[in-house]
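**Q** Residue numbers for the sequence shown follow our numbering, beginning at 88 and rising by one. Once you've had a glance at the structure underneath, I'll fire off some questions.
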Amino acid sequence: MYNNNTQLCTPGKWLHETEAPPNTEEGALYLGYRCDTHLGFTVRSYNDTPVCILQFSTEVTYAEAISSCRSFNSYLYTTKTLDKFYLLQTLVTNWLWVGLDDIQTEGKLVWVDDGQELDPELISNIFSPGEPNDISGFEDCTEIFIGSLTLNDNICDKYFRYVCEQRM
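This is the structure:
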């Protein structure tokens, strides 16, 4: 927050709805990220990791989820860090698509937002034991499994809910 009297900035983390907003004597508040709330996106966080997301209750295929998110200038939610994975667990009320697939190259899981390959060290923390396993030979997409709240590879033509994410 910028203090008009001292002409100094005070770094901050979060504002809480229960707190009164800063008054003119305290200074002006500036946010360092953007989230298209007018489109329905909301800022959620886990620990110090904020994300800008839009949740959908409609069940669609993986390709339809990707396309829908792109129409909102966003991408299918990614769980590149444990904090983002734990945040996703708090959102789950049903199976959800996650923006991670090996459609281009079998066995090479990449994130939809930037094409970066999944960090192998993250697999045991976010996937169900024994996953991803491509058990049917057609499991190229990733969803969060409602039973264990862990990731699982699945057939891309199944219908699941999804969450879009905007870069902040």
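All C-beta atoms, glycine included, are put in the ideal place defined by N, C-alpha and C.
Output the residue ranges of the alpha helix (DSSP H) runs that lie fully inside the region 158 to 198 and measure 4 residues or longer, sorted by chain position.
**A** Fully enclosed alpha helix (DSSP H) runs of 4 or longer: 169 to 178.
**Q** Which two residues bound the contiguous beta strand (DSSP E) that contains S144?
**A** Stepping through the sequence shown from its first residue, residue 144 is reached at position 57. S144 -> beta strand (DSSP E) spans T136 to V147.
**Q** Suppose the cutoff is 6 Å on Cβ atoms and the five residues either side in sequence are ignored; what does the same chain contact list for C243 look like?
**A** On the sequence shown, residue 243 is found 156 positions in, with the first residue counted as 1. Excluding positions up to five away in sequence, the list reads Y149, D227 and C228.
**Q** In the structure shown, what three-state DSSP assignment does N212 receive?
**A** On the sequence shown, position 125 is the one that residue 212 refers to. In the structure shown, N212 sits in a helix (DSSP, three-state: H, G or I).
**Q** Using CA atoms only, rank isn't needed, just tell me which of F225, K245, G224 and S223 is closest to I231.
**A** Position 144 of the sequence shown, counted from the first residue, corresponds to residue 231. Selected option, being the one with the closest Cα: K245.
**Q** Does the contact criterion of 3 or more C-beta pairs under 8 Å hold for the region 124 to 140 versus the region 201 to 209?
**A** Too few Cβ pairs lie closer than 8 Å, so no.
**Q** Using CA atoms only, rank isn't needed, just tell me which of L175, N239, P216 and F214 is closest to F225.
**A** As a working note, residue 225 is residue 138 in the sequence shown. Comparing Cα-Cα distances from F225 to each of L175, N239, P216 and F214, the minimum goes to N239.
**Q** In the DSSP output, which residue or residues are listed as bridge partners for N239?
**A** Taking the first residue of the sequence shown as 1, we reach residue 239 at position 152. Answer is E230.
**Q** Can you tell me which residues form a DSSP beta bridge with T124?
**A** Along the sequence shown, one-based indexing puts residue 124 at 37. DSSP, once it has assigned bridges, lists no residue as partnering T124.
**Q** One question on the structure: do G186 and T165 come within less than 7 Å of each other, judged by their Cβ atoms?
**A** One-based indexing of the sequence shown puts residue 186 at position 99. One-based indexing of the sequence shown puts residue 165 at position 78. Against a cut-off of 7 Å, the Cβ pair of T165 and G186 comes out as a contact.
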